[in-house]
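>
Number of protein chains: 2
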Amino acid sequence: MGLRDRKKQQTRSALTAAALRLADERGLDHVTVEEISAAVDVSARTFFNYFATKDDAILGDPVIDNETVCRRLLELPRDIPIVDAVLTVFEPAIAAMQADRELWLLRMRVIKDNPSLLLALFAQGAAKEQEFIAAIATRVGLTPADTFPQLASVVTGSAFRIAMMRWATAGPDEQLAGFVRESFRMVATGLATPNES
Amino acid sequence: MGLRDRKKQQTRSALTAAALRLADERGLDHVTVEEISAAVDVSARTFFNYFATKDDAILGDPVIDNETVCRRLLELPRDIPIVDAVLTVFEPAIAAMQADRELWLLRMRVIKDNPSLLLALFAQGAAKEQEFIAAIATRVGLTPADTFPQLASVVTGSAFRIAMMRWATAGPDEQLAGFVRESFRMVATGLATPNES
DNA sequence: GGTCAAACTTTCAGACACTGCAAACTTTTA
DNA sequence: TAAAAGTTTGCAGTGTCTGAAAGTTTGACC
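Sequence order for the protein chains is D and C. Sequential numbering from 9 applies to the first sequence in my numbering. Sequential numbering from 9 applies to the second sequence in my numbering.
1. So that I know if they touch, is there some Cβ in chain C lying closer than 9 Å to that of D:Arg169?
2. Around the C-beta of C:Lys120, are 16 or more other C-beta atoms found within 10 angstroms, so that it is buried, or is it exposed?
3. Taking the alpha-carbon positions, what's the C:Lys136 to C:Asn74 distance?
4. Quick check: what's the CA-CA separation for D:Pro202 versus D:Leu111?
5. Would D:Ile44 and D:Gly133 be called neighbours here (beta carbons separated by less than 9 Å)?
6. Which residues in the same chain as D:Pro89 place their Cβ atom closer than 8 Å to its Cβ, once the five residues preceding and following it in sequence are excluded?
7. Excluding the five sequence neighbours on either side, which residues of its own chain have a C-beta within less than 7 Å of the C-beta of D:Ala145, listed in chain order?
8. Tell me whether the beta-carbon of C:Val188 lies closer than 9 Å to the beta-carbon of D:Val163.
9. For the region 28–61 of chain D, list the alpha helix (DSSP H) runs that are entirely contained and at least 4 residues long, ordered along the chain.
10. Are there three or more Cβ pairs, one per stretch, closer than 8 Å when the region 90–107 of chain C is compared with the region 88–108 of chain D?
11. Establish whether the CB of D:Gly198 and some CB of chain C are separated by less than 9 Å.
12. Do D:Ala52 and D:Val39 have their C-beta atoms within less than 9 Å of each other?
13. Tell me the DSSP secondary structure of C:Ile163 in three-state form.
14. Sorted by chain position, which residues of the same chain lie with C-beta nearer than 7 Å to C:Arg70's C-beta, five sequence neighbours on each side aside?
15. Pull up the CB-CB distance for C:Ala128 and C:Asp63, whole angstroms please, since I reckon it's below 8 Å.
16. Measure the Cβ-Cβ separation of C:Ala22 and C:Val48 and say whether it is below 9 Å.
17. Quick one, which residues of the region 157–191 of chain D are near chain C if we go by CB-CB under 7 Å, in chain order?
18. According to a CB-to-CB cut-off of less than 8 Å, which residues of the region 125–143 of chain C neighbour chain D?
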């Protein structure tokens, strides 16, 4: 990777970091793109060369690389139930987030304090959803136009997002993986009433 | 209801209708609030007295009255599984949408053609979600901070949204209720691989 | 090392969403 | 019929985001 790309990567993370820090300090609405850009010493127009919206800068790059996930989903044996299969292909992303714990907890705190970002988070997930739906469809021998793949995609996505939020509000020693497994297990049991324990 | 309120209601629906028609004709991005307002012969400022955002005008009032739904959810016998219970309390809203079929199909077409609206639709549902989560929590003897109620709320919401989209793209004689039941059944079976049929 | 084209940034002008305020207007009520 | 209460409007302003043009940096090839 040349100097140019390294610099770009650097600017990109700097923008995200600045956006995150400022939004955490004063709330997303009280931070302008102008200010974020100034904090990184670039023009506001340059900000928009890196991110389409202010929200995108906060969210950074998608957690999950769609292409990899879809490929791995198709490689897994077909007799594994869809919920388990999706959980398996998400594992690397989960580990990556756990490794970047500090960054992610800050990000989740900002998201929690600014509900409009929760929306953006959802949007980011939905952006590449068609491929994922197609992969599920192939796995179960249906088409992307059928109900099942669409439902499986959005439901597993929701379960993952809930797990992220719970991780963010949990104690510092909790593992994201634990929350994801808990959510996925509930989905796999058809939302059966849990034992009060 | 006095003349004043009747007029307000009228203006409100006129704005939604105009927004819907124009967005259908040229795409949401090529319709300004100014134009929508002009089509109804009010000022742009008045538009914002009725709707907080342009998207809101398209979506209109929420499909589901949260208060009613939550109340009915708590009245149902506790031994009914949560998925069935939610399906039951949604029934009136489903019927209302079916009765207003024309309007809803137009609305869903516009949503499908303008993905940012799908987001807004999600946001509208999420707005009052806390009460719904609380109601589910009460039903199953947990707190709103637990995973299960949060998951059940977002998963049933997703299933409902998918059903709406499928209804919108289906033939003219299909019933929304059928799609909702199909989605909910899949959720209740834990996304078990469906029989290829 | 020098040179050129591609990639990147900046500046500028502008469209549009949305808000607060105060004036003008309309319906309701007493 | 006049005051009260609610509604609409114009206006000025902030902030996001876009396109175009001009300037700067980088990498590759000689």
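All C-beta atoms, glycine included, are put in the ideal place defined by N, C-alpha and C.
According to the data block:
1. yes
2. exposed
3. 7 Å
4. 33 Å
5. no
6. Ala196
7. Thr151, Pro152, Asp154 and Pro157
8. no
9. 41–48 and 52–58
10. no
11. yes
12. no
13. Sequence check: residue 163 of chain C is Val here, not Ile. DSSP places C:Val163 in helix when its eight states are reduced to three.
14. Here residue 70 of chain C turns out to be Pro, not Arg, going by the sequence shown. Counting only Cβ-Cβ distances below 7 Å, and skipping sequence neighbours, we find Gln132.
15. 4 Å
16. yes
17. Gln158, Leu159, Ala160, Val162, Val163, Ser166, Ala167, Ile170, Arg174, Glu190 and Ser191
18. Leu126, Leu127, Phe130, Ala131 and Ala134
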